[in-house]
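Notes for the one structure printed next.
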Amino acid sequence: MKFVSGKTLFLFLLVAAILSVALAYIFLPSSQKDPAGTGRTVDGKTTGVLAVNSPTPGSHRAPPSLEQLQSNPLALHPAPLELNFGSPPFERQANGTIYKKDVMKMLEELNDESQEASSDLQLLGKVIGAYHRIFQQNPVAGENREVVEALTGKNPHKLIFLSPQHPALNEHLELIDRWGNPFRFHPVSSSLMEFSSAGPDGNFGTADDITLQDEEPPTEEP
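With the first letter of the sequence shown counted as 1, position 169 gets the number 157 in my numbering; the numbers rise by one all the way through.
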């Protein structure tokens, strides 16, 4: 009987181990060759398959500049709301005008003696806010009478927010406060307006003046 030397046995076992590792790697599922799930083999060569759970590479684009935004009018100024003038709170009239019924109803409380005088200015702010949500800007006006014209149908859609027969309109078609003096409308910007009443003494610039600056109109249904 021949005995195998220790050196020969060692070489035989080494070759067997190498063959076992090679066979195991060949038959190993491809998803387990790359435990990181990056779609690459361990030697860094691309397999051509991106794992499903691999994170999507982020965009390296720079954010748009102000010039780019301004070149796209819809970026800074959204398109006007799509309105159905044939259903509430709108009501078409035979003369072609359209009543904004909810706002007209709200204005019935203007100069209500049971409320604080400041509530009248808050009410005017809500009316201008309703106008802004439809036209994307406040009435282009600086005078009381011009604001009244915009609210009584002199606008692109012939919308009426304020009844032309409202008791708070004087003979000059100006909106007056509870003391009979015209309100003052001061446009701060296309979306902000300041409202003032001269107060009981009827004179602006005195201690009893009441002033309210409207806030940025919220985004909501018109």
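Idealized CB from N, CA, C, for every residue including glycine.
Please read these numbers as outputs of a predicted model, since none were measured by experiment.
- A straight line joining the alpha-carbon of F73 with that of S106 spans about 32 Å.
- Under the three-state reduction of DSSP output, F149 falls in the coil class, being neither helix nor strand.
- In its chain, beyond the 5 residues on either side, R133 have a beta carbon closer than 7 Å to the beta carbon of H160.
- In the structure shown, K88 adopts extended strand secondary structure according to DSSP, grouped into three states.
- Rounded to whole angstroms, the separation of the alpha carbons of G193 and H174 is 14 Å.
- DSSP places R80 inside the beta strand (DSSP E), whose first and last residues are 78 to 80.
- Within the segment 82 to 145, the runs of alpha helix (DSSP H) that reach at least 4 residues and sit entirely inside it are, in chain order, 89 to 94, 105 to 123, 132 to 139.
- Look at T199 here: in three-state DSSP terms it is strand.
- The alpha-carbon separation between Y119 and R80 amounts to approximately 17 Å.
- Note that the C-beta distance between L109 and L98 is not below 7 Å.
- By the criterion of a C-beta distance shorter than 8 Å, G130 is surrounded in its chain by F173, H174, P175, once the five residues flanking it on both sides are discounted.
- Here the alpha carbons of G113 and N126 stand approximately 11 Å from one another.
- At the C-beta level, N169 and A195 stay beyond 7 Å of one another.
- For F173, the enclosing beta strand (DSSP E) covers residues 172 to 175.
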